[in-house]
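Take a look at the structure set out below.
Listed below in structure tokens is the structure:
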């Protein structure tokens with residue numbers, strides 16, 4: 060299911076043969092069925108040139124794949140397959156992990172949870188200061204982790 064407030068998006072999916080459920084009293088319409096590419100497409104893509112819109116869609120797909128696979132690959136490589144890392148990088152990772160009391164998997168889960176909290180806090184704070192707080196927190200986490 061895909062939720063939207065935009066009438067142009069609902070109309071586009073309706074014209075493509077999807078079902079749009081609109082409930083009286085709510086600003087959202089629910090589009091069913093939804094596939095993965097629907098979550099990565101932007102309504103502004105229709106206003107762009109085809110080549111540039113396809114490039115942006117490909118970039119979003121690549122970013123989604125990297126976001127989903129990179130933490131798991133880091134845990135797998137640093138925990139079970141250290142032999143594929145260059146020696147200098149392996150020593151650097153092991154040296155930075157010396158004083159960390161948590162296993163790698165717990166550290167990754169805490170990192171993902173904290174990024175989610177920062178993102179939600181930035182969305183809930185009033186608009187002029189929300190992005191500023193989010194950026195300051197992210198820079199603070201980046202400098203404390205590195």
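Residue numbers (our numbering): 60 to 205.
For glycine and all other residues, C-beta sits at the position ideal for the given N, C-alpha and C.
Only a predicted model underlies this, so the values are computations on that prediction, with no experimental measurement involved.
Where residue 146 is concerned, there is no enclosing beta strand (DSSP E), although the alpha helix (DSSP H) around it starts and stops at 146-155. Membership of residue 173 in the alpha helix (DSSP H) is indicated by the continuous run 163-183. The C-beta of residue 108 has fewer than 16 other C-beta atoms within 10 Å across all chains shown, which makes the residue exposed. With 16 or more other Cβ atoms inside 10 Å of its own Cβ, residue 72 counts as buried. Relative to the Cα of residue 100, the nearest Cα in the group 68, 82, 125, 156 belongs to 68. Looking at 125, 60, 81, the one whose alpha-carbon comes closest to that of residue 95 is 60. The bridge partners DSSP lists for residue 88 are 63, 81. Counting along the chain, residue 127 sits inside the alpha helix (DSSP H) bounded by residues 109-139.
DSSP, reduced to helix, strand and coil, places residue 106 within a helical segment of the structure shown. In terms of CA proximity to residue 130, 163 leads the group 98, 163, 119.
In this structure, residue 63 lies near residue 88, with their beta-carbon atoms less than 8 Å apart.
Burial of residue 90 is indicated by the presence of at least 16 other C-beta atoms within 10 angstroms of its C-beta. Only residues of its own chain outside the window of five on either side were considered, and among them 90 have a CB closer than 6 Å to the CB of residue 77, listed in chain order. Secondary structure of residue 69 (DSSP, three-state): helix.
The Cβ atoms of residue 149 and residue 141 lie closer than 8 Å to each other.
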